[in-house]
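Trainee:
2 protein chains.
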Amino acid sequence: MADFLTKREDNYSQWYNDLVIKADLAENSAVRGCMVIKPYGYALWEKIQAQLDKMFKATGHVNAYFPLFIPKSFFSKEADHVEGFAKECAVVTHYRLKNDPDGKGVIVDPDAKLEEELIVRPTSETIIWNTYKNWIQSYRDLPILINQWANVVRWEMRTRLFLRTSEFLWQEGHTAHATKKEAEEETRLIIDLYSDFAQNYMGIPVLKGTKSESEKFAGAIETYAIEALMQDGKALQAGTSHFLGQNFARAFDVQFLDKTSKLEYVWSTSWGVSTRLIGAIIMAHADNNGLVLPPNLAPIQVVIIPIYKGNSELESINSAALEIKAELETKGISVKYDNRDTHKPGYKFAEYELKGVPVRLALGSRDIAGGTIELARRDTLTKEIVPRESIGSRIEDLLKEIQINIFNRALQFRDDNIYRVDTREQFLEQVEKGGFILAHWDGTAETEEKIKQETKATIRVIPLDSPEEEGKCVWSGNPSVRRVVFARAY
Amino acid sequence: MADFLTKREDNYSQWYNDLVIKADLAENSAVRGCMVIKPYGYALWEKIQAQLDKMFKATGHVNAYFPLFIPKSFFSKEADHVEGFAKECAVVTHYRLKNDPDGKGVIVDPDAKLEEELIVRPTSETIIWNTYKNWIQSYRDLPILINQWANVVRWEMRTRLFLRTSEFLWQEGHTAHATKKEAEEETRLIIDLYSDFAQNYMGIPVLKGTKSESEKFAGAIETYAIEALMQDGKALQAGTSHFLGQNFARAFDVQFLDKTSKLEYVWSTSWGVSTRLIGAIIMAHADNNGLVLPPNLAPIQVVIIPIYKGNSELESINSAALEIKAELETKGISVKYDNRDTHKPGYKFAEYELKGVPVRLALGSRDIAGGTIELARRDTLTKEIVPRESIGSRIEDLLKEIQINIFNRALQFRDDNIYRVDTREQFLEQVEKGGFILAHWDGTAETEEKIKQETKATIRVIPLDSPEEEGKCVWSGNPSVRRVVFARAY
């Protein structure tokens, strides 16, 4: 099975595409740029959703749902926002089809033209702030801490499964606050939450920081982001949290009476992560045998495969396997017992390696007689023999070990691939090799743009914890006070 | 608070609208026919989703996600389907906006016209069967048991919150089978599952049956439905499960090799319920004080309200309340403690009555000293005094009691409003009064249509368990072998 995969070292991009398809995560659809998320891929998304949703609710957020469509005029109300989003939108212009007079199929009914075109939401700030206007009169109505799980559409020209698709699934938080300080705190609370999720659930270390003026969200005062490093040395933005100041409140005229009865514009934030995270999980951990899923998000944590000859042998293995399955399930571990008789054990081993299942148990008659079980870890591809009576506790520990191990491996890789670079020549050389490049930058959009044009590298983040340090811009030679992180990115 | 509600007996329709708005479930949006589902309404939807999802998974189904957009040409492939759906669709014709040369906002870029228009899915049979074509070669690939949670759009002319909106949320199951028998069994499995959910979670009795030819799903061989009776005597279709035969497999050319190596078209089903169920819950149980939510789906099952004078008294109540809250939560009961100091207890009582919270506890210093708590049930509006030490077990029992009570009340109402009618005169009289009408029908679409035109009543279901009975059609006088259920419907 893994033979069908392009080797990671031969062609990383092809390896990724092969893996998404062959591990049954997703595929391209008949609609340009839109994907079908297959059951195994969707199960991974459900695990991501469930955990994030829990974390949002634990921090006081609630879910709601706003319309898919946004009136075209709403986009023009926030000047930067329209620049950033209106250019790549799906536009609904009609609301009816009719039979083709030629008798061949259906055509758009020209009599059913909308008075104002509707945009399929690329993000929901405008429709939400138009709604919040009616919900907010006084400081007593604040804060509003709402999240939405939804599909959004951005008409991307070049698409790749999970990483960049015309339609994708995401969550978008939209909060409203009485003070600037509170909104800023919310923005940072969320970027910390995302970082916690990336590190402790996805098993991916991230750099946390703010975006430069040209990379920030269209309509934001400040964008915080977490950036992860993929195995090919390219960066991937894994989540963003925006401090929007009073921009959208002004655009939609949302004012409130504060405690001193003064009329003030509302402060706001927005933040989101998407099905792109599945791409990050693949590219951070997978290998030439397939996916390596973090136990904390794996839809199947343990697979049990019977090794048998003939049906009578299978029957006794079945009962032992179901016993182990039940025992593990009481510990909250998700287990699949695969006793299909249409495939041989070797085929199944390869299949679950491809699908990245963290732990595999092979169960034969001799094992049952001997009171032992063979256990294989997906992350290290190593095996061990475990006494039957301790299988539950061993697997419980092992899932934690694997979670930590794949995080540490990714951390080691990331740390090995952060480069301090001080000259243009070093920069040009390193950018071809990949990795995060810590370099001085003069702080101007012009220099940033030149670097992007000539090297395809962008400023991924201005790290929150980077120390002040006198230096010279790696490109212009002008003075700089701190290093920023450059990389080529997905 | 309840004073703001129109009385149910004065204007049922206005009472419903008032309730949806004032109980903070949903509101109309700036986009015609599309609603904003507010946090409290969405929390109810989340409870519905969680329970149904569990039931789907327990019966072997998995979730996946298919594109929002469907190429126009797909619709023409199944003749009945296009007739049923193409007429009321949102159509995407362009993929870009540009700045208006007049400098005022943005306009649709005429250069960005799609070669083939895309329809925003009104239901996903066509895009899914176009996808299944690539997934199914042999009987080994079957069955496919997939469900999707998604938004869909049907351009309704007259909309009402939850009951009929241009965009709504739903789940749609799409299954593929090797045999007719298996597909038929799946269709019935799901209608039974929906019926179980309606009765045991929503607390609403339903009639189960099949639809007549003219009322069945566009593209189905047979449509099973559950029908509920609302308090105003109108019926509401609460879920449908369709046996699609080989219609979509033929339309999309999906064939498989069966066990005898013969090429066969695949058999299929589809089924769905939507945010409309929230409308059903409201209209089945609510009263002039507000919502009455079934405990099994209520986002808040118990609310605790402190009765106090001054802050020092509040503090001791706080600690008692949090202790009770924690105790109830260990039993899996969801509890809200509302100690806002901006509102008086009386206001809060009315608010949670309006929001339909099943159980309310009022907690004052005297109660704490006396070791008792006053408890109020939303369904009967009665109160009882309970010793502090038995509050946990009492509430656990009470939630079950309330669930049963509201079901029984709805059952009583439904059974009191089923009428056997044998003449056209009786039919005309009864249809004005409402209720389910059991009447003989000659089985022709002509008669059905005439009845609909003259009385606005439609055949809701042909009940599965209705006995054969010789009779004469209530309209045409022609012979009939069984009674069917007529009603005016939402």
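Chains A and B supply the protein sequences, listed in that same order. Take -2 as the starting number for the first sequence in this note's numbering and just add one per residue. Take -2 as the starting number for the second sequence in this note's numbering and just add one per residue. In this text, a Cβ means the ideal position worked out from N, Cα and C, and glycines have one as well.
Please decide whether leucine 65(B) counts as near chain A, where near means a Cβ-Cβ distance under 8 Å.
Mentor: yes
Trainee: Kindly identify the DSSP beta-bridge partner or partners of glycine 236(A).
Mentor: DSSP, once it has assigned bridges, lists Ile223(A) as partnering glycine 236(A).
Trainee: For the alpha helix (DSSP H) containing methionine 52(A), name the first residue and the last one.
Mentor: Methionine 52(A) -> alpha helix (DSSP H) spans 36 to 55.
Trainee: To the nearest angstrom, report how far apart arginine 273(B) and glutamine 196(B) are at their CA atoms.
Mentor: Spanning the two alpha carbons is a distance of roughly 16 Å.
Trainee: What residue range is occupied by the uninterrupted alpha helix (DSSP H) comprising asparagine 197(B)?
Mentor: 177 to 197
Trainee: So, for alanine 23(A): in the same chain, excluding its five sequence neighbours on each side, which residues have a beta-carbon less than 7 Å away from its beta-carbon?
Mentor: Val17, Met32, Val33, Ile34, Lys35, Gly38, Leu158 and Phe159
Trainee: Consult DSSP for asparagine 8(B) and reduce its assignment to one of helix, strand or coil.
Mentor: coil
Trainee: Once DSSP output is grouped into helix, strand and coil, what is the label at serine 70(A)?
Mentor: helix
Trainee: Could you check where the alpha helix (DSSP H) with tryptophan 126(B) kicks off and where it finishes?
Mentor: 122 to 132
Trainee: Taking the beta strand (DSSP E) that asparagine 148(B) falls in, what are its first and last residues?
Mentor: For asparagine 148(B), the enclosing beta strand (DSSP E) covers residues 141 to 150.
Trainee: To which residues of the same chain is leucine 294(B) closer than 8 Å at the C-beta, ignoring the five residues directly before and after it?
Mentor: Closer than 8 Å at Cβ, skipping near neighbours: Leu41, Lys44, Ile45, Gln48, Tyr198, Met199 and Ile278.
Trainee: Exposed or buried, phenylalanine 404(B), counting other C-beta atoms within 10 Å across all chains shown (16 or more means buried)?
Mentor: Buried, since its Cβ has 16 or more Cβ neighbours within 10 Å.
Trainee: Please state the DSSP three-state secondary structure of isoleucine 401(A).
Mentor: helix
Trainee: With burial defined as no fewer than 16 other Cβ atoms inside 10 Å of the residue's Cβ, what is the status of lysine 352(A): buried or exposed?
Mentor: buried
Trainee: Buried or exposed for aspartate 394(A), please, with buried defined as at least 16 other CB atoms from any protein chain shown within 10 angstroms of its CB.
Mentor: By the 10 Å Cβ count, aspartate 394(A) comes out exposed.
Trainee: Tell me, please, whether the CB atom of alanine 248(A) is closer than 8 Å to any CB atom in chain B?
Mentor: Answer no: the Cβ-Cβ gap between alanine 248(A) and chain B never drops below 8 Å.
Trainee: Measuring straight from C-alpha to C-alpha, what distance separates arginine 406(A) and isoleucine 382(A)?
Mentor: 24 Å
Trainee: So which residues of chain A does tryptophan 152(B) contact, with C-beta pairs closer than 7 Å?
Mentor: Tyr92 and Arg93
Trainee: Which of helix, strand or coil does DSSP assign to alanine 281(A)?
Mentor: helix
Trainee: Does chain A have any CB closer than 8 Å to the CB of lysine 397(B)?
Mentor: no
Trainee: Is there contact here, the segment 167 to 185 of chain A with the segment 367 to 383 of chain A, by at least three beta-carbon pairs under 8 Å?
Mentor: The segment 167 to 185 of chain A makes no contact with the segment 367 to 383 of chain A; the number of CB pairs closer than 8 Å stays below 3.
Trainee: Tell me which same chain residues have a C-beta within less than 8 Å of the C-beta of glycine 269(B), skipping the five on either side of it?
Mentor: Excluding sequence neighbours, glycine 269(B) sits near Thr120, Trp167, Gln168, Glu169, Gly170, Gly236 and Thr237.
Trainee: DSSP three-state label for asparagine 14(B), please.
Mentor: helix
Trainee: Have a look at proline 291(A) and tryptophan 152(B) and give me their C-alpha separation to the nearest angstrom.
Mentor: 43 Å
Trainee: Can you tell me which residues form a DSSP beta bridge with threonine 172(A)?
Mentor: In DSSP, threonine 172(A) forms a bridge with Leu142(A) and Thr266(A).
Trainee: Should the segment 88 to 108 of chain A be regarded as contacting the segment 72 to 88 of chain B, the criterion being three or more beta carbon pairs within less than 8 Å?
Mentor: Contact between the segment 88 to 108 of chain A and the segment 72 to 88 of chain B is present: 3 or more CB-CB pairs across the two stretches fall below 8 Å.
Trainee: Listed in chain order, which residues of the segment 138 to 167 of chain A have Cβ atoms closer than 8 Å to some Cβ of chain B?
Mentor: Ile143, Ala147, Asn148, Val150, Trp152, Glu164 and Leu166
Trainee: Where serine 265(A) and glutamate 113(A) are concerned, what is the direct C-alpha to C-alpha distance, given to the nearest angstrom?
Mentor: 28 Å
Trainee: DSSP three-state call for proline 384(B): helix, strand or coil?
Mentor: Strand.
Trainee: Should glutamate 85(A) be flagged as near chain B, meaning a C-beta pair shorter than 8 Å?
Mentor: At least one chain B Cβ lies under 8 Å of glutamate 85(A).
Trainee: State the start and end residues of the unbroken alpha helix (DSSP H) segment that holds glutamine 423(A).
Mentor: 421 to 430
Trainee: So that I know if they touch, is there some Cβ in chain A lying closer than 8 Å to that of glycine 102(B)?
Mentor: yes
Trainee: Could you tell me how far apart the beta carbons of alanine 281(A) and isoleucine 201(A) are, in whole angstroms, since I believe they sit closer than 8 Å?
Mentor: 5 Å
Trainee: Using a Cβ-Cβ cut-off of less than 7 Å, give me the residues of the segment 55 to 79 of chain B that come near chain A, in sequence order.
Mentor: Val59, Asn60, Ala61, Tyr62, Phe63, Pro64, Leu65, Phe66, Pro68, Lys69, Ser70, Phe72, Ser73 and Val79
Trainee: Since isoleucine 34(A) meets chain B, which of its residues come closer than 7 Å, beta carbon to beta carbon?
Mentor: Ala61 and Tyr62
Trainee: Out of Val103(A), Gly287(A) and Ile143(A), which one is the CA nearest neighbour of phenylalanine 71(B)?
Mentor: Val103(A)
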